[in-house]
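2 protein chains.
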Amino acid sequence: MTPEELDQLGIRMLLANTYHVYLRPGIDVVEKMGGLHRFMSWDKAILTDSGGYQIFSLARLRDISDKGAIFRSHIDGSQHLITPQSAIQFQESLGADIIMVLDECPSPTDTFEAIKKATERTHKWAEICQRSQTRNDQALFAIVQGGLYPELRRRSASLLASMGFAGYAIGGLSLGEPKVLTLAMVEETAALLPQDKPRYLMGVGSPEDVVEGVARGIDIFDSALPTQVARKGALFTRRGRYNIRNAAYKQVEAPVDSDCDCYTCRNFSAGYLNHLFKCREMLAYRLATIHNLSFMNSLMQRIRDAITSDTFNSFRDDFIAGYEPTDEKVRLAQKKKWLDAQNRKNINRG
Amino acid sequence: MTPEELDQLGIRMLLANTYHVYLRPGIDVVEKMGGLHRFMSWDKAILTDSGGYQIFSLARLRDISDKGAIFRSHIDGSQHLITPQSAIQFQESLGADIIMVLDECPSPTDTFEAIKKATERTHKWAEICQRSQTRNDQALFAIVQGGLYPELRRRSASLLASMGFAGYAIGGLSLGEPKVLTLAMVEETAALLPQDKPRYLMGVGSPEDVVEGVARGIDIFDSALPTQVARKGALFTRRGRYNIRNAAYKQVEAPVDSDCDCYTCRNFSAGYLNHLFKCREMLAYRLATIHNLSFMNSLMQRIRDAITSDTFNSFRDDFIAGYEPTDEKVRLAQKKKWLDAQNRKNINRG
Chain A
72 MTPEELDQLG IRMLLANTYH VYLRPGIDVV EKMGGLHRFM SWDKAILTDS GGYQIFSLAR
132 LRDISDKGAI FRSHIDGSQH LITPQSAIQF QESLGADIIM VLDECPSPTD TFEAIKKATE
192 RTHKWAEICQ RSQTRNDQAL FAIVQGGLYP ELRRRSASLL ASMGFAGYAI GGLSLGEPKV
252 LTLAMVEETA ALLPQDKPRY LMGVGSPEDV VEGVARGIDI FDSALPTQVA RKGALFTRRG
312 RYNIRNAAYK QVEAPVDSDC DCYTCRNFSA GYLNHLFKCR EMLAYRLATI HNLSFMNSLM
372 QRIRDAITSD TFNSFRDDFI AGYEPTDEKV RLAQKKKWLD AQNRKNINRG
Chain B
72 MTPEELDQLG IRMLLANTYH VYLRPGIDVV EKMGGLHRFM SWDKAILTDS GGYQIFSLAR
132 LRDISDKGAI FRSHIDGSQH LITPQSAIQF QESLGADIIM VLDECPSPTD TFEAIKKATE
192 RTHKWAEICQ RSQTRNDQAL FAIVQGGLYP ELRRRSASLL ASMGFAGYAI GGLSLGEPKV
252 LTLAMVEETA ALLPQDKPRY LMGVGSPEDV VEGVARGIDI FDSALPTQVA RKGALFTRRG
312 RYNIRNAAYK QVEAPVDSDC DCYTCRNFSA GYLNHLFKCR EMLAYRLATI HNLSFMNSLM
372 QRIRDAITSD TFNSFRDDFI AGYEPTDEKV RLAQKKKWLD AQNRKNINRG
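So the sequence lines, in the order shown, correspond to chains A and B. So for the first sequence, the working numbering puts the first residue at 72; every next one is plus one. So for the second sequence, the working numbering puts the first residue at 72; every next one is plus one.
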């Protein structure tokens, strides 16, 4: 998607991964080219993550201590050290509007002891990150960890809240655990975070999860899901997710989603999209992406309107009643496949 | 590319391949969906070819007679018959603005006798196509064949010219022969085609060939080259074709082509494009495609302006002097590789 197109869709913030930019083209290159906004030709907001999540998933972790983490690139196997100090320094060079602390992101299946240790290290690193900040025009967000343990989550949230960050993220969720647990952890955590600061649920982005997240006090979400599934033909509607590659769409003259006024639905039949996907035309992936981003943006707008008019609870009930979510078994199997694929990359390249 | 985007680039006509549409999604499906214009949501001109070229290259030819050609689909190996009558019928159902006769497209390396026979059959089929036309709102173009034999080309051009078509195409060129021969054949042929009818050189589309083609009397070109090479990172400039994937571009802050005012060059550095290509981002292919289409469109505009102001000869001299074409040996090797790849598809699927 071009910046122009994202702007037309009403998108106001992009996320850039510090880990990916660090490896390619390099922080120094982007800095020399005038920072991320200029490099990407995007004059609206940018959020950079710290690299923590990728180091604990995509890269191959070699060693971790309170000082920092040594990891191998998933691209060429080269070895690198990241510290809380350098994570901030990198993000200052990139120049995003919102930057994130370096966190240790454990797997939800790790032991209580391992998750406790990772959470404590995350707190230490958060403090170092806060002290390392030299620019005053970037909002630094802390990240709550604690796995699936309510007591660790609560302690993490309270401690970080007391340290006075510009915003608070909830990390380490949506990593293969059942949705009911994800939402329970969000509920535990969000309640302890300051009312007057943005609360950001990392890596969550299905329509139903966004609605349920807002119901639990979340303001910001990030997720590759809407664009990722779009490229596989899965399109959001108010009734649920449908796959346009299904042969049933071949001769459908109506648009994919008759409630939608996005460029795709205004101009093309479901039959044409089905054809483009069968032919693996690049336009297929784009039109599907335009639709899903447009759907998410309009969902967020409807949520904001409902909050403003004090009708969010009935909006939520109506939405959830009308929306058939992806079957939980299928969803968990897909997530596992995706996490395994990440893992394989790691093993092959490490 | 979306219709909206093509429109912004100033593009006024698209080519659709009858062969491809016939196999997928099927002529009947497109007809039911309201014809090609509505199916693609494109309200400007469309040209459909007859399928002849693909049947003699991409598909596997099983049998040919004056009646028509039996071929196997390159997708699933299924067997089909196309006749001059059905080629017109299909194109009437699709509803393009310009339609083409069915021709037999021989290889330039075939014997004189084989090419002579193919050319004569092309003439017979042209006559049948002309008689088979039932719609009066589509311009039917004939196709001159004759391989690399000037006498066959001249006879084909004169004969078809006498039959009174709405326009005339030159087919069977740019199929791996040296450029000097392509241009010699164009020169022989174009001179014998009516002055007051459009002349269309099929499958030709590099910047230098377009300029040389116009110098020999050509009005219309079609080619996948500008978009195909764009997706591999090769970008046109007035000085020649450069590959943006080259590491030398990594830190270049200037746009790819400082003479260019396309969306890509107005907004992005060569360094950013280099980065997008390295990451295989879909945006890379799009930005490169936008640039090359914009370059070709502006080249055609400059050619039209030069003709109008009676300065085409000096424009041509300046352009050719400033433009370093792709090395002929490299070009022929690339072309051979491409034709072989087409052939392999054919063998694997046939």
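Every residue gets a Cβ at the ideal spot worked out from N, C-alpha and C, and that includes glycine. Here the structure is a predicted model, which means the values were calculated and not measured.
(request) Could you check which residue in B:E399, B:S380, B:L358, B:A341 has the C-alpha nearest to that of L80 (chain B)? (result) B:L358
(request) List the residues of chain A whose Cβ lies closer than 7 Å to the Cβ of Y93 (chain B), in chain order. (result) The contact set of Y93 (chain B) on chain A, defined by CB atoms closer than 7 Å, is empty, because the minimum CB distance reaches about 13 Å.
(request) Look up E345 (chain B) in the DSSP assignment and say whether it is helix, strand or coil. (result) The displayed chain sequence assigns Asn, not Glu, to residue 345 (chain B). Annotated three-state conformation of N345 (chain B) is helix, per DSSP.
(message) My output table needs one value for H145 (chain B): the three-state DSSP class, helix, strand or coil.
(response) coil
(message) Is the beta carbon of N345 (chain A) closer than 9 Å to that of A318 (chain A)?
(response) yes
(message) Going by beta-carbon coordinates alone, are M171 (chain B) and F212 (chain B) separated by less than 9 Å?
(response) yes
(request) Name the one or two DSSP bridge partners that T119 (chain B) has. (result) B:A87, B:I170
(message) Measuring only the C-alpha atoms, how far is T193 (chain A) from D137 (chain A)?
(response) Approximately 9 Å, taken between the alpha carbons.
(request) Inspect the CB distances between the stretch 373-382 of chain B and the stretch 130-148 of chain A and report whether three or more fall short of 8 Å. (result) no
(message) Could you pull the DSSP bridge partners for Q150 (chain B) from this structure?
(response) B:R143
(message) On the criterion of 16 or more Cβ atoms from any shown chain inside 10 Å, does A140 (chain B) qualify as buried, or is it exposed?
(response) buried
(message) Counting only Cβ pairs nearer than 8 Å, list the residues of chain A close to L354 (chain B).
(response) Ordered by position in chain A, the residues that pass the 8 Å Cβ test against L354 (chain B) are M72, T73.
(message) 9 Å is my cut-off, CB to CB: does P96 (chain B) come that close to chain A?
(response) yes
(request) State the Cα-Cα distance for the pair Y320 (chain A) and L347 (chain A), rounded to the nearest angstrom. (result) 12 Å
(message) So, for I82 (chain A): in the same chain, excluding its five sequence neighbours on each side, which residues have a beta-carbon less than 8 Å away from its beta-carbon?
(response) K115, L364, N368
(request) Given a cut-off of 9 Å, decide if E324 (chain A) and A341 (chain A) are closer than it, judged by their beta-carbon atoms. (result) yes
(request) Would you kindly work out how many angstroms separate the C-alpha atoms of A291 (chain A) and S178 (chain A), rounded to a whole number? (result) Looking at the sequence itself, residue 291 (chain A) is Ile, so the reference to Ala does not match. Whole-angstrom Cα-Cα distance: 22 Å.
(request) Check whether the Cβ atoms of A261 (chain B) and R225 (chain B) sit closer than 9 Å, and answer yes or no. (result) no
(request) Could you check the C-alpha separation between I361 (chain B) and S294 (chain B) for me, to the nearest Å? (result) 15 Å
(message) Counting only Cβ-Cβ distances shorter than 7 Å, please list the residues of the stretch 339-352 of chain A near chain B, keeping chain order.
(response) F339, S340, G342, Y343, H346, K349, C350
(request) Output yes or no for whether 9 Å exceeds the beta carbon distance between I159 (chain B) and M84 (chain B). (result) no
(message) 9 Å is my cut-off, CB to CB: does R133 (chain B) come that close to chain A?
(response) no
(request) Buried or exposed for G105 (chain B), please, with buried defined as at least 16 other CB atoms from any protein chain shown within 10 angstroms of its CB. (result) exposed
(request) Under 7 Å Cβ to Cβ from E259 (chain A), same chain only, skipping five residues before and after it: list those, please. (result) P221, R224, R225
(request) Taking R131 (chain A) as part of the beta strand (DSSP E), name the residues at either end of that continuous run. (result) Taken as a continuous stretch (DSSP letters only), the beta strand (DSSP E) holding R131 (chain A) covers 131-135.
(request) Would you kindly work out how many angstroms separate the C-alpha atoms of W409 (chain B) and P297 (chain B), rounded to a whole number? (result) 15 Å
(message) Going by DSSP, what residue range makes up the alpha helix (DSSP H) through T308 (chain A)?
(response) Here T308 (chain A) belongs to no alpha helix (DSSP H); instead the beta strand (DSSP E) covers 305-308.
(request) In angstroms with no decimal places, state the Cα-to-Cα distance between E198 (chain A) and S229 (chain A). (result) 14 Å
(request) Could you tell me whether any Cβ in chain A is nearer than 9 Å to the Cβ of V36 (chain B)? (result) The displayed coordinates of chain B run from 72 to 421. Any statement about residue 36 (chain B) would go beyond what the structure contains.
(message) Rounding to the nearest angstrom, what Cα-Cα distance links E399 (chain B) and G304 (chain B) in this structure?
(response) 19 Å
(request) Kindly indicate if chain B contains any beta-carbon less than 9 Å away from that of E324 (chain A). (result) yes
(message) Cutting at 7 Å between CB atoms, please list the residues of its own chain near A185 (chain B), excluding the five before and the five after it.
(response) Closer than 7 Å at Cβ, skipping near neighbours: P177.
(request) Using the Cα positions of Y239 (chain A) and V215 (chain A), report the straight-line distance between them to the nearest angstrom. (result) Spanning the alpha carbons of Y239 (chain A) and V215 (chain A) requires a straight line of approximately 7 Å.
(request) Give the interface partners of I103 (chain A) over in chain B, defined as CB-CB distance under 7 Å, in chain order. (result) According to the sequence provided, residue 103 (chain A) is Lys. The question's Ile does not apply to it. Q322, listed in chain order.
(request) Compare the C-alpha of S149 (chain B) against each of B:S164, B:Q156, B:I126 and name the closest. (result) B:I126
(message) Could you compute how far the alpha carbon of S385 (chain B) sits from the alpha carbon of K349 (chain A)?
(response) 47 Å
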